[in-house]
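In this note's numbering, the protein residues as written are 12 to 237. Glycine residues also receive a C-beta, built at the ideal position from the N, C-alpha and C atoms. Just so you know, these numbers come straight off a predicted model, no measurement behind them. Read through the structure below, which is laid out as structure tokens, and then see the notes.
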């Protein structure tokens with residue numbers, strides 16, 4: 012079987028995996044595919060349909076019926092991709108707070124993940140793609156020649172988020188933020204499945220540029236990606 016030219020990056024929320032994935036894809040001329048946007052698009056459909064995100068049967072039915080597709084950017088407005096939901100551009104809609112608060116609930120159902128994983132795999136097998144998510148290297152594309160697991164401590168993720176919000180002139184309760192990250196991690200624990208052969212990277216101390224440089228070296232040393 013031909014090994015697809017795919018690099019997978021898994022890790023917890025706020026670990027910087029999306030930044031790493033986007034920068035890596037740019038450097039390599041690959042497609043950047045944040046698989047989480049598919050779950051966000053489905054969650055938007057759940058909210059708009061006034062569906063209970065805890066209802067596995069209803070959410071699964073929506074997953075089966077919803078046409079979700081990911082494309083290269085169609086507008087020069089800062090987007091890294093265009094995501095369509097039933098023929099509608101929802102690239103920015105999926106960033107709403109209501110989606111942010113609900114996505115980990117709607118995405119937790121095994122039947123939902125099974126449906127979307129199949130769609131994600133189809134995109135990945137086209138090759139020349141950097142895929143970012145929670146279980147890409149272990150479940151979606153286990154044959155990927157290079158798998159990364161990027162981990163960052165809760166304390167460091169909270170610190171980065173506080174710095175980001177402060178820079179925007181917003182205030183945040185650090186204790187409350189730290190707890191919300193812990194709760195999110197616990198909720199995501201059952202879907203967070205690092206591949207056994209993934210290269211584990213601790214992002215607590217390195218800058219994004221240093222992490223990118225390290226991964227680029229891994230790519231250079233991977234025969235299947237040359």
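Here DSSP, grouped into helix, strand and coil, assigns residue 80 to strand. Comparing alpha-carbon positions, the option among 224, 52, 124 lying closest to residue 96 turns out to be 52.
Taking the CA atoms as reference points, residue 140 sits about 11 Å from residue 132.
Restricting attention to alpha helix (DSSP H) runs no shorter than 4 residues, the segment 49 to 126 encloses them at 67 to 76, 108 to 117, ordered along the chain.
Inter-segment contact for the segment 155 to 172 and the segment 18 to 25 is present: three or more beta-carbon pairs are separated by less than 8 Å.
Taking 8 Å as the cut-off, the Cβ atoms of residue 220 and residue 15 do not count as close. The C-alpha of residue 231 lies about 10 Å from the C-alpha of residue 225. Residue 91 holds the alpha-carbon nearest to the alpha-carbon of residue 46 among 229, 190, 91. For residue 160, the uninterrupted beta strand (DSSP E) run begins and ends at 157 to 162, by DSSP. Residue environment for residue 29: buried (at least 16 other C-beta atoms within 10 angstroms of its C-beta).
Its Cα nearest to that of residue 107, the residue 54 stands out among 54, 163, 201. Look at the beta carbons and you see the segment 147 to 154 touching the segment 201 to 214: at least three pairs across the two are nearer than 8 Å. Under the three-state reduction of DSSP, residue 150 is assigned to helix. Cβ-Cβ distances below 8 Å link residue 126 to 71, 74, 75 in the same chain, with the five nearest sequence neighbours on each side left out; the list follows chain order.
Residues 31, 34, 35, 38 of the same chain have their beta carbon placed closer than 8 Å to that of residue 223, with the five preceding and five following residues left out of the count.
Just so you know, the alpha carbons of residue 136 and residue 49 end up roughly 17 Å apart.
Taking the C-beta atoms as reference points, residue 18 is found nearer than 8 Å to residue 157. Counted as a single uninterrupted DSSP element, the beta strand (DSSP E) harbouring residue 144 occupies residues 140 to 144. Straight across, the Cα-Cα distance linking residue 69 with residue 94 is about 22 Å.
The Cβ atoms of residue 115 and residue 198 lie closer than 8 Å to each other. By the 16-neighbour rule on beta-carbons within 10 angstroms, residue 120 is buried. Within the same chain, and ignoring the five residues on either side of residue 62 in sequence, the residues whose Cβ sits closer than 7 Å to its Cβ are 69, 70, 73.
Note that the C-beta distance between residue 64 and residue 117 is below 8 Å. Secondary-structure assignment with DSSP links residue 211 through a beta bridge to 160.
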